[in-house]
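Colleague:
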Amino acid sequence: MGNVKSESKLTFFEAASIIVGHGVGAGILSVPYLAAHNSFRETLLILLIGYAVALVLHFIIAELSLNNNGAQFVKCFDAELFSGKIKTIFTWTAFILLGVSVMVNVSAFLTGAAAVFRSWFGLPDLVGMLIFYVLGAGVVFVGMKLVGICEKIAIISMIGVVGILFGATLLRDTAALPTGWHGFNNALALFGMVSFSLSAVMSTPQVVKGLQGDAKRIRAAIATGLAINLALIFIITLMTLLGAGNDITEDGALVDLSRHLGGWVAVIGYIFTLLALATSFWANTLNLRDIVNEQTGWSKNICWLAASAPCLVLALFGLSSFVGFTRFASVIQIVTGIGIIIAYNRSRKRTGASPICGKFGSLVFQILVIAFSLLSSVGAILPVS
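Residue numbers (this note's numbering): 202 to 586.
#1: State the Cα-Cα distance for the pair M202 and G426, rounded to the nearest angstrom.
#2: Suppose the cutoff is 6 Å on Cβ atoms and the five residues either side in sequence are ignored; what does the same chain contact list for I429 look like?
#3: Pull up the CB-CB distance for A314 and L475, whole angstroms please, since I reckon it's below 8 Å.
#4: Taking only three categories from DSSP, how would you classify F518?
#5: Do three or more CB pairs link the region 553-564 to the region 358-372 at distances below 8 Å?
#6: Looking only at C-alpha atoms, which of W293, S266, V585, L366 sits nearest to G470?
#7: In whole angstroms, what is the alpha-carbon distance linking S404 and I219?
#8: I'd like the ranges of any beta strand (DSSP E) spanning at least 3 consecutive residues and lying wholly in the region 269-312.
#9: Determine, using beta carbons only, whether L246 and N386 come nearer to each other than 8 Å.
#10: Report the three-state DSSP secondary structure of H383 (helix, strand or coil).
#11: According to the Cβ coordinates, are V402 and H259 closer than 8 Å?
#12: In three-state DSSP terms, what is Q413?
#13: So the candidates are K550, A484, G562, N239; which of them puts its Cα closest to the Cα of G224?
#14: Mind reading off the beta-carbon distance from L211 to G411? Whole number of angstroms is fine, and I expect it under 8 Å.
#15: Compare the C-alpha of F561 against each of A253, A369, I541 and name the closest.
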């Protein structure tokens, strides 16, 4: 497997928190909007299927990265997938596509933060974006270890906040949960967003590096992180549906819930939203920084600026709504998963070993992951009604 080198070592919970932090953000706060357009029964089923698929996919990604000494996707594609005279063209195309998807994703976090500052303090969107950018990008500037520590603190805080919010929601008048079949388009759109919300594919190599290539701890950290993420998605979706009813907009779940409940509950909801967006901002910009560094060889600080500044510019243009940003970003990242599976297939044959996936990395599971990834990609662009 070679040696896995990393700028810092992560504890088990820091590694799991990076997985959680990547997903808890734009996606998780967009799920209730789409869940409101499906029955609660379908929502539960989609959540369970989404977790199972995500678990296998993340194990595959971790093993692919491990087989390439902890590398990010572009370097893995360069080593395992691309060949021939046009290898360089393919590598740079993958680099650009992944870069754009992450930038659009991070732009959604800035857009969501602006919505919070607007609802909470009445600040203009421009001011809200700038405040969030300065505070969030500063953590990534320091490096992986601080990101891991901040992710851990933020996740613990968010779990506590969700418990408080859930209790407060149940103490108020609650709306009925949605029932009835609302159509295949709505279900598929929800599955696409759930898949995106459980996706920490770009952060998985960080776990591989931070845990020094320890296959057992990597596998456990991924499973734990995704399970925490699943639980948060479920609770946030449930309490938003109960608390806000049909009054769910595209500004993000807890902004709607806080607006509906008001008072101190609103403040708690706004704090959670900012923490959730911050964790995803840290994880995504750290990943993009490393991708740029691997591809260009620039210094960490220059790569940090290249990874974060364009996201602010994109968000300032106001090209889409909060949910719209996340649905667009999910298309590119989920489709990228197909390339990951093909690269993994070659890597698995090359190494002749499977320390992380085992039987779940076999061809049957590879095909299933591709099939569900395609369904997710279709769902990410379908309209809801």
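Every residue, glycine too, gets a C-beta built ideally from N, C-alpha and C.
Modeller: On the basis of the supplied data:
#1: Note that M202 scores 45 on pLDDT, short of 50, meaning its location in the model is unreliable and no value can be drawn from it.
#2: V221
#3: 6 Å
#4: coil
#5: no
#6: L366
#7: 7 Å
#8: none
#9: no
#10: coil
#11: yes
#12: coil
#13: A484
#14: 3 Å
#15: A253
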